[in-house]
Amino acid sequence: MKIKKQPNILVIHLKRFKYIEQLGRYKKLTYRVVFPLELKLMNTVDNSDLEYSLFAVLVHVGSGPNHGHYISVVKSHNHWLFFDDETVEMTDESMVQTFFGSAQEFSGNTDNGYILFYESVAKTS
739 MKIKKQPNIL VIHLKRFKYI EQLGRYKKLT YRVVFPLELK LMNTVDNSDL EYSLFAVLVH
799 VGSGPNHGHY ISVVKSHNHW LFFDDETVEM TDESMVQTFF GSAQEFSGNT DNGYILFYES
859 VAKTS
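To convert, take the position in the sequence shown, counting from 1, and add 738; that gives our numbering.
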């Protein structure tokens, strides 16, 4: 596949749920996915690399697909903001890393990055 025109906004959906046939239901996958703050897609357009910067993460909080809660962290004017319903707080870049997931298969941490939003970075020559 070749991207002919660079999109301004790149949305990446991490598949955090898997159907388990033996159980007859979906299970949340909490394994660690380290998503970069700066993303470079190599050789996607003729003689060009695409560069993106993470500006928002939608996070699923909860242990299963049929219940839980969504929160988000959003970068605005070079500051990270944490959104949880009516609560809005300033935070820092390190909070984004807490949503990578767990290194252990069975972990109490159920706050996982689910949808990533990247914006195109203008290249300087």
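All residues carry an ideal CB built from backbone N, CA and C; glycine is no exception.
These figures come from a predicted structure and were not determined experimentally.
Candidates Ile853, Arg763, Val749, Lys743, of which the one nearest Asn804 by Cα: Arg763
Assigned secondary structure, Glu831 (DSSP; H/G/I helix, E/B strand, else coil): helix
Helix, strand or coil at Gly806 [DSSP, three-state]: coil
Separation of Gln760 from Lys743, as counted between CA atoms: 43 Å
Contact under 7 Å by Cβ, Thr768 with Gly851: no
Assigned secondary structure, Arg763 (DSSP; H/G/I helix, E/B strand, else coil): strand
Own chain residues within Cβ distance below 7 Å of Met780, not counting five before or after: Asp787
Member of Phe855, Ile747, Thr825 whose CA lies at the smallest distance from the CA of Val834: Phe855
Opposing strand residues paired with Gly851 [DSSP bridges]: Val797
Own chain residues within Cβ distance below 6 Å of Phe793, not counting five before or after: Lys813, Phe855, Glu857
CA-to-CA distance, His751 to Tyr757, given in whole angstroms: 17 Å
Arg770, buried or exposed, once every other Cβ within 10 Å from all chains shown has been counted against 16: exposed
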